[in-house]
Amino acid sequence: MLTLLLIHALAALVILGGRSRLGPRSFLVGALGPVAVLAWAISEAGTITGGTAYEERVSWVPSLNLTIDFKVDSYALAFLLVIAVAGVAIFLYAARYFSGGSRVPPFAATMTIFAAAMVGIVVSNHLLSIFVFWELTTITSYLLIGYDDHKAQARSAALHAALVTGAGGLAMLGGFVLLAEAAGSYLISDIVARPPAASAAVTVAWVLILIGAATKSAQFPFHAWLPGAMSAPTPASAFLHSATMVKAGIFLVGRVGSTAAATADWWQPAILTIGFVTMVIGGWRALRQTDLKLLLAFGTVSQLGFLFLLVGAGSAKLVFGGLALLVAHALFKASLFMVVGTIDHEAGTRDIRRLSGLRRAMPGLFWTAVAAAASMAAVPLTYGFAAKEAAFDGLVGKDTLLIAVAAAASILTVVYTGRFLIGAFGPHQLGEEPAGAAAHDPRNALLWSPLVLAGGGITLGFIPGLAADLVDSATAAVTGVAAAGKLVLWPGLVPALGWSALSLTLGVVMVTLPHRVDAAVAAVGTFAAKLPTAEGAYRRSLPALLTFADRSSGVLQNGSLPAYLGIIVLAAAALPASAIFADLPALDRPPGGSALEWVLGAVIVGAAVSLVFVRRRFAAVILLGGVGYGIAGLYAVLGGPDLSLTQLLVETLAIALFAFVLRHLPATFTAPVTARTPRLLVALVVGAFAFAGGLIAYTFRGGRAVAETYLAEAVPEAAGSNVVNVILVDFRAFDTLGEITVLVAATLGVAGLAVPALRLLRRAR
Amino acid sequence: MTPLRRSPILEAGVVVVSGPLLVFSLYLLFAGHNQPGGGFAGGLVAGIALLLAWVAGGSETVGRVVPIRAGAFLGVGLTLAAVAGFASLAGGLGFLESGFVEFSVPGVGKVKLVSALAFDGGVYLVIIGMALGLIRVLGEDETLDAEATS
């Protein structure tokens with residue numbers, strides 16, 4: 006599994022390395038990722054659907070007890086297959102969609118990393134690693150949506166998506182931590198096996214997780230980012246909004262849904278409400294779009310609402326229907342997005358008021374769109390129909406209101422599906438300039454990719470058994486209930502069929518009366534325009550967020566070096582002090598020092614005391630150096646040649662670097678009067694702690710010193726007899742890595758600050 | 149501020165001293181696992197050698213001694229250290245846990261190679277990069293604009 010993720014990373018690196026030579030073919034390299042995932046998923050499918058989950062554990066930093074845990078059960082496998090199949094089709098499509106340009110390879114690399122992050126989410130068993138991959142999709146989707154970065158609209162849409170899903174991700178992280186603390190484990194398999202007892206913390210955890218999932222899956226009231234994200238190039242939209250990013254939230258609610266529903270009785274009503282509201286709003290808004298892609302986007306919002314409530318509600322029958330529909334949705338929605346991309350590519354527009362004559366010009370694409378749309382509208386004999394039947398069947402047993410709302414949303418689905426087909430392939434509107442005369446069917450992946458996915462929807466419709474086993478075993482994996490639903494070509498005369506027939510008939514009737522529908526939509530639309538919208542809420546909250554960020558960073562990051570230093574040293578003193586002095590051990594008498602130690606001590610104290618009184622900068626630096634050299638001497642006397650050497654070298658270099666800076670500063674300095682008392686206090690507190698802490702460390706001999714372990718293990722474990730170095734490069738090497746990273750950052754920071762500052766100084770001279 | 153006056157004697161002295169200093173810094177790096185030293189101390193010694201070069205002839209001389217940008221040292225060093233960590237991981241050890249091989253080289257004797265040396269080498273390069281970067285940026289005088297924009 007780690008290998009699969011590394012293949013993605015490697016493909017992305019190859020793309021970036023060979024960017025100028027690869028061009029749009031970068032996507033073919035990127036396709037290696039999804040292809041590898043697909044191959045793996047197919048080869049393991051038999052074992053996993055048989056009930057044996059694939060598990061892999063990589064020990065990452067054993068000293069911090071960090072591991073990477075992968076677990077692929079049937080539920081994860083279903084998502085993996087969806088991601089991989091859509092991924093392969095879309096990557097091949099994208100290789101034809103883009104014609105060239107220097108920014109295409111980085112885009113392809115980003116999309117490959119995105120695909121890896123998505124795989125990471127569904128195969129992780131550890132909550133924190135889900136979070137990491139989750140945020141990786143947020144970051145990469147920001148880059149994908151904002152591809153046209155010269156357009157203000159694309160930038161703000163990318164920001165919108167990143168802020169909403171990023172904030173949701175943070176909420177989710179909070180929820181994860183609370184949940185894991187309550188359950189005693191970060192492993193999802195543990196939490197599901199032994200759910201935490203209900204408590205206030207667990208309730209908050211579920212709320213936060215629900216918020217995270219709802220933002221990612223564009224649920225009401227966070228759905229507004231998804232239509233905006235349509236400014237991404239079409240292959241990215243097809244990938245993000247059919248099979249991947251928006252499915253992450255659904256994956257999460259499905260994964261924890263049964264557990265949540267069992268421990269929180271509000272979970273199911275909440276999920277159902279959110280889902281149904283999203284479903285109706287999305288379907289409604291789709292009726293008013295003239296841009297094919299936006300029409301699909303609102304349709305996606307609607308369907309996501311349905312999937313969210315089905316998969317998340319935690320009832321086996323609903324989960325079965327939801328997963329069946331999820332597969333269907335990935336197939337037809339990816340296909341339709343690609344159809345729109347091809348239309349845009351060939352006709353130069355995707356405005357349904359202008360498109361004209363495409364049915365004759367592009368018969369192949371037309372039939373592809375018909376096949377995919379039929380599945381979307383759940384026309385019998387398609388897989389979409391079989392899946393929707395399974396979903397309705399789950400709802401029928403519940404509540405008439407639920408099924409009625411679902412049927413109403415299905416009517417809207419049929420209507421906007423009709424609107425899509427007629428708009429794309431019918432005549433143009435009077436008064437608009439027609440487009441698409443020169444269009445023709447492409448003879449490459451621009452046609453094959455959507456065709457294959459749409460064909461898949463038809464094939465599975467006739468042979469639903471192909472998907473039924475997977476859906477059934479995936480449902481069993483998260484709910485524990487096998488054979489929860491049926492996925493069949495023809496369900497027989499059951500109540501669910503009645504609801505399907507009703508919504509399909511009413512929908513078709515409305516499609517045949519487009520003018521009446523448009524008039525009604527417009528009439529309600531005028532009224533609805535007065536209602537607050539999610540977009541409006543976002544637009545209004547953005548300035549507030551910026552003001553808050555501005556104010557808080559003004560207070561916290563006030564730019565005063567003494568204030569920063571004061572806070573840092575106080576925290577460094579107070580935190581350990583509170584622990585040490587709360588439980589003060591009995592101390593031995595400090596051993597008396599040798600004469601040499603006393604002399605060195607006197608030098609250090611003398612230098613430090615004089616330091617307080619000097620006003621010349623250079624003298625201060627020299628005295629500071631004196632303190633350092635004195636300490637280096639003490640190290641040498643006390644038997645620490647390594648520390649002594651390093652201290653000596655650091656002091657030397659530091660004095661010289663001080664001298665560089667001092668050339669540009671006034672020769673003397675004084676502290677402002679108001680700052681003296683606080684600084685004195687800070688110095689006294691920190692000094693007292695350093696003194697007391699040093700004394701305690703020197704004299705306390707209880708417990709087992711960590712030094713003994715290190716001394717004992719240095720040679721056998723790390724083959725080094727210099728323990729100081731072995732600590733730095735082996736036992737505590739992770740710390741060292743952190744420290745040198747800080748050094749690099751600090752050097753870059755100094756360069757970034759000093760170069761412009763010195764230039765200003767030179768100008769002033 | 150007047151630029152530092154160049155002193156031929158100082159420059160000649162620096163040439164004599166800085167070479168051995170750089171060799172010494174490498175010695176510290178390699179000896180560090182068993183003797184006092186290590187990448188950190190070694191890097192600092194090299195940094196002091198660079199500082200001497202600056203004292204003798206300013207940034208120009210530093211540039212002649214090390215005609216490499218500081219950023220390259222920083223980047224390569226940090227990458228080397230991180231890669232060393234992942235290499236241990238790939239070798240079945242924990243992240244950054246060191247492994248070692250022992251073999252004998254004819255004429256030299258037994259040589260023990262510790263994987264932590266690569267990590268320490270990364271530390272060494274980062275420290276040199278830091279010293280070089282700070283000397284270049286802060287020690288700049290007359291050639292500031294030309295250097296800063298390059």
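Quick note, the sequences are listed as chains A and B, same order.
The opening residue of the first sequence carries number 6 in the numbering used here; numbering runs sequentially from there.
The opening residue of the second sequence carries number 149 in the numbering used here; numbering runs sequentially from there.
For every residue, glycine included, the Cβ atom is placed at its ideal position computed from N, Cα and C.
- In the three-state reduction of the DSSP assignment, A/Phe-227 falls in the coil class, being assigned neither a helical nor a strand state.
- A/Ala-223 and B/Arg-212 have their C-alpha atoms spaced approximately 59 Å apart.
- The beta strand (DSSP E) runs of length 3 or more contained entirely in the segment 455-513 of chain A do not exist; there are none.
- For A/Asn-727, the closest Cβ of chain B is nearer than 8 Å.
- In this chain, A/Val-734 is not harboured by any alpha helix (DSSP H), its DSSP state being neither H nor E.
- For B/Phe-178, none of the residues of chain A pass the 9 Å Cβ criterion, the least Cβ distance being about 11 Å.
- A/Trp-504 is classed as buried because its beta carbon has at least 16 other beta carbons within 10 Å across all chains shown.
- For the set A/Ala-237, A/Ala-172, A/Ala-241, the Cα lying nearest the Cα of A/Leu-213 is the one of A/Ala-172.
- For B/Ala-197, the closest Cβ of chain A is not nearer than 8 Å.
- Contact of B/Glu-208 with chain A by beta-carbon distance below 8 Å is absent, the smallest such distance being about 16 Å.
- Between A/Val-207 and A/Pro-201, the gap from beta carbon to beta carbon is short of 8 Å.
- Note that the segment 564-576 of chain A does not touch the segment 179-189 of chain A; fewer than 3 beta-carbon pairs, one per stretch, sit closer than 8 Å.
- Residues of the segment 180-194 of chain B with a Cβ closer than 8 Å to any Cβ of chain A, in chain order: Gly-180, His-181, Asn-182, Gln-183, Pro-184, Gly-185, Gly-186, Gly-187, Phe-188, Ala-189, Leu-192, Val-193.
- Sixteen is the threshold: since fewer than 16 other Cβ atoms of the shown chains lie within 10 Å of the Cβ of A/Glu-438, the residue is exposed.
- Secondary structure at A/His-165: helix, using DSSP grouped into helix, strand and coil.
- In the structure shown, the three-state DSSP call for A/Trp-271 is coil.
- Selection B/Val-231, B/Asp-268, B/Leu-280 evaluated against B/Phe-188 yields B/Asp-268 as nearest (Cα-Cα).
- The bridge partners DSSP lists for A/Phe-75 are A/Glu-61, A/Ser-129.
- Excluding sequence positions up to five before and after A/Ala-582, its CB lies within less than 6 Å of the CB of Phe-694, all in the same chain and listed in chain order.
- Residue-level contact check: A/Leu-15 does not touch chain B, since none of the beta carbons of chain B fall below 8 Å from its beta carbon.
- Interface residue (Cβ-Cβ distance to chain A less than 8 Å): B/Ala-229 is classified as such.
- At a Cβ-Cβ threshold of 8 Å, A/Ser-236 and A/Ile-150 count as neighbours.
- The Cβ neighbour count for A/Leu-662, taken over all protein chains shown within 10 Å, is at least 16; the residue is labelled buried.
- By alpha-carbon distance to A/Leu-292, the top candidate from A/Ile-135, A/Ile-279, A/Val-306 is A/Val-306.
- Counting the other Cβ atoms within 10 Å of the Cβ of A/Asn-727 gives 16 or more, which makes it buried.
- At a cut-off of 8 Å between C-beta atoms, A/Ile-745 counts as an interface residue with respect to chain B.
- The C-beta distance from A/Ala-444 to A/Thr-354 rounds to 10 Å, too long to meet the 8 Å contact threshold.
- At a beta-carbon threshold of 7 Å, the residues of chain A lying near B/Glu-288 are Leu-763, ordered along the chain.
- At a beta-carbon threshold of 8 Å, none of the residues of chain A lie near B/Leu-174; the nearest stands roughly 15 Å away.
- What B/Glu-159 touches in chain A, judged by beta-carbon distance under 8 Å, is nothing: the nearest beta carbon there is about 17 Å away.
- The three-state secondary structure of A/Thr-115, taken from DSSP, is helix.
- Among the residues of chain B, those whose CB is under 7 Å from the CB of A/Phe-665 are Leu-286, Gly-287, following chain order.
- Around A/Leu-654, the beta-carbon contacts reaching into chain B at under 7 Å are Ala-189, Leu-192, Val-193, Ile-196.
- For A/Gln-652, the enclosing alpha helix (DSSP H) stretches over residues 646-667.
- For the segment 555-586 of chain A, no residue has a beta-carbon sitting nearer than 9 Å to a beta-carbon of chain B.
- Residues of the segment 625-654 of chain A that bring their beta carbon within less than 7 Å of a beta carbon in chain B comprise Pro-646, Asp-647, Leu-650, Thr-651, Leu-654, in sequence order.
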